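Student: Numbering follows my numbering, with no gaps: position 205 of the sequence shown is 267. Would you mind keeping the following structure in view while I ask a few things?
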Amino acid sequence: MIPIPKQIDSVVMVNNPNIASKQSEPIGYGNFILTFAVLLIVAESLLYAAGWMQYRLEFFFQDIEIRPVTADIFVALANGIFTFLTVAGLFVIIEWRQLRFSDFRTRYRDGMIYSVVALAISILVQAAEFSLLRSLGVEPLFAADDLGPVLVVFPLIYLLLLGLMEYWLHRALHHFDFLWRFHAIHHQIEHLNAARSYSHFGQDVIYILLITTPLVLLIDAPQQHIMLVTTFYLISNYYMHSDAPALSFPAPFRHIVADNVYHHHHHTRDVRHIGKNYASFFSFFDRIFGTQYMPKDGEFPKTGIDGYPPVASLRDYILRPFGPKG
63 MIPIPKQIDS
73 VVMVNNPNIA
83 SKQSEPIGYG
93 NFILTFAVLL
103 IVAESLLYAA
113 GWMQYRLEFF
123 FQDIEIRPVT
133 ADIFVALANG
143 IFTFLTVAGL
153 FVIIEWRQLR
163 FSDFRTRYRD
173 GMIYSVVALA
183 ISILVQAAEF
193 SLLRSLGVEP
203 LFAADDLGPV
213 LVVFPLIYLL
223 LLGLMEYWLH
233 RALHHFDFLW
243 RFHAIHHQIE
253 HLNAARSYSH
263 FGQDVIYILL
273 ITTPLVLLID
283 APQQHIMLVT
293 TFYLISNYYM
303 HSDAPALSFP
313 APFRHIVADN
323 VYHHHHHTRD
333 VRHIGKNYAS
343 FFSFFDRIFG
353 TQYMPKDGEF
363 PKTGIDGYPP
373 VASLRDYILR
383 PFGPKG
């Protein structure tokens, strides 16, 4: 179970005092629409760039006659790391600008290292698992091309299903001691931000086994059918952890989609909000299942767990879930 902090820290503030003065300035509707339209366009362009790079790498490895399995792993690693660095970088630039482009190493270096390590390990696990499934002749139950008229709303259905599965897995990560040992690494992060939002690779493997694999086996969804879903999901994964007040949603939107203010209250040290805001995309799942706390504009609480400091080294990051204190 989640360790209960020893005391309540009820002072609401952003994680970095240099930007605390901006916490009471909610984004206007016009700026909100413009900002996130630009972010979506840039993120979509980066995903296309990643796809182009993957395409070129596949031809390169064919030319030098590397084994297909080895080539697939290298291509997946390159694609995943490039996507992480560029998409997370969108929010890092906005956060870092608010700090007048200072303190980069302290805010981002360790988080980027741990994130790349977790990404590399999870990609290797996923590649091995999918290779095994292919060798066994396992095929998805349904094909997206056979959905007919349902294909029009398929991205929304897919996103809703993904959000619901993630919600309940997230609650399980908090409820079961064994799963919490891995998830606690994520909650022990202090000064949470877009790049300093790493999870333990053990948690990523659990996600692959319990969410990615079932969805892949349920339906064969070609990229063109879920492109927008992929973009939304990649953006939200890093956006939720951003500590930039300028990126917070106008309050009404927060009742539909979780923003960075909403998710920071899931990471708060304040015992009054523990067990709240599990939803990773659609915030209304928390309302439906009774786990919602709706924060006010600009409320960025201190994050972390009292008595459980963030990991201090790569060795600590890898081994801490298996130690006595988890």
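Yeah, the Cβ is synthetic: ideal placement off N, Cα and C, and Gly gets one too. What you are looking at is a predicted structure, and each value in this text was computed from that prediction instead of being measured.
Could you pull the start and end residues of the alpha helix (DSSP H) that residue 15 belongs to?
Tutor: Beyond the ends of the chain as shown, which are 63 and 388, falls residue 15; an answer cannot be given.
Student: Indicate the three-state DSSP secondary structure (helix, strand or coil) for residue 293 in the structure shown.
Tutor: Helix.
Student: With three or more C-beta pairs closer than 8 Å as the rule, is the region 246-263 touching the region 179-188?
Tutor: Judged by Cβ distances under 8 Å, the region 179-188 makes contact with the region 246-263, as three or more pairs qualify.
Student: Hey, which unbroken runs of the alpha helix (DSSP H) at 4 residues or more fall wholly within the region 158-232?
Tutor: Runs found: 172-197.
Student: Touching or not, the region 94-102 and the region 308-324, by the rule of three or more beta carbon pairs under 8 Å?
Tutor: Touching, per the Cβ criterion.
Student: Using a Cβ-Cβ cutoff of less than 8 Å, which residues in the same chain neighbour residue 175 once the five nearest sequence positions on both sides are dropped?
Tutor: Same-chain partners within the cutoff: 376.
Student: Is residue 17 helix, strand or coil by DSSP?
Tutor: Missing from the structure shown is residue 17; the chain here goes from 63 to 388 and no further.
Student: Going by C-alpha to C-alpha distance, which of 371, 314, 346 and 323 sits closest to residue 91?
Tutor: Ranking 371, 314, 346 and 323 by Cα distance to residue 91 puts 314 first.
Student: Alpha carbon to alpha carbon, how far is residue 229 from residue 221?
Tutor: Spanning the two alpha carbons is a distance of roughly 12 Å.
Student: Assuming residue 263 is part of the alpha helix (DSSP H), what are its boundary residues?
Tutor: First-last of the alpha helix (DSSP H) with residue 263: 263-269.
Student: Would the region 185-196 and the region 120-135 be scored as touching if the rule is three or more Cβ pairs under 8 Å?
Tutor: Yes, since at least three Cβ pairs between the region 185-196 and the region 120-135 fall closer than 8 Å, the two stretches touch.
Student: What residue from 349, 268 and 254 has the CA that sits closest to residue 302's CA?
Tutor: For the residues 349, 268 and 254, the minimum Cα distance to residue 302 belongs to 254.
Student: From which residue to which residue does the alpha helix (DSSP H) around residue 322 run?
Tutor: Run containing residue 322: 322-326, per the alpha helix (DSSP H) assignment.
Student: So, using beta-carbon positions, are residue 366 and residue 201 closer together than 7 Å?
Tutor: Contact: no.
Student: Do the region 242-250 and the region 336-346 meet, that is, are 3 or more Cβ pairs less than 8 Å apart?
Tutor: Not touching, per the Cβ criterion.
Student: For the candidate residues 323, 351 and 363, whose alpha-carbon lies nearest to that of residue 333?
Tutor: When each option's Cα is compared against that of residue 333, the closest is 363.
Student: Do residue 280 and residue 231 count as a contact pair if the criterion is CB distance below 7 Å?
Tutor: No, these two residues do not count as a Cβ contact at 7 Å.
Student: Closest to residue 337 by CA distance: which of 124, 237 and 299 is it?
Tutor: The candidate whose alpha carbon is nearest that of residue 337 is 237.
Student: Start and end of the alpha helix (DSSP H) containing residue 379?
Tutor: Start and end: 376-381.
Student: Whole angstroms is fine: what's the gap from residue 383's alpha carbon to residue 374's?
Tutor: In a straight line, the C-alpha of residue 383 is about 13 Å away from that of residue 374.
Student: Just to confirm the assignment, what range does the alpha helix (DSSP H) spanning residue 245 have?
Tutor: Counting along the chain, the alpha helix (DSSP H) containing residue 245 begins and ends at 239-249.
Student: Which term fits residue 86, buried or exposed, when burial requires 16 or more other beta carbons within 10 angstroms of its beta carbon?
Tutor: Because residue 86 sits at a pLDDT of 44, beneath the cut-off of 50, its placement in the model cannot be relied upon, and the point is left open.
Student: Confirm, please, whether the CB-CB distance from residue 304 to residue 256 is below 7 Å.
Tutor: Contact: yes.
Student: Starting from residue 362, trace the alpha helix (DSSP H) both ways and give me its first and last residue.
Tutor: Segment: none, residue 362 is in no alpha helix (DSSP H) and carries neither H nor E.
Student: Which first and last residues belong to the alpha helix (DSSP H) in which residue 277 is found?
Tutor: Segment 275-280, the alpha helix (DSSP H) holding residue 277.
Student: Going by other Cβ atoms of all chains shown within 10 Å of its Cβ, with 16 needed for buried, is residue 293 buried or exposed?
Tutor: With 16 or more Cβ atoms within 10 Å of its Cβ, residue 293 is classed as buried.
Student: Residue 344 bridges to which residues according to DSSP?
Tutor: Answer by DSSP bridge pairing, in chain order: 319.
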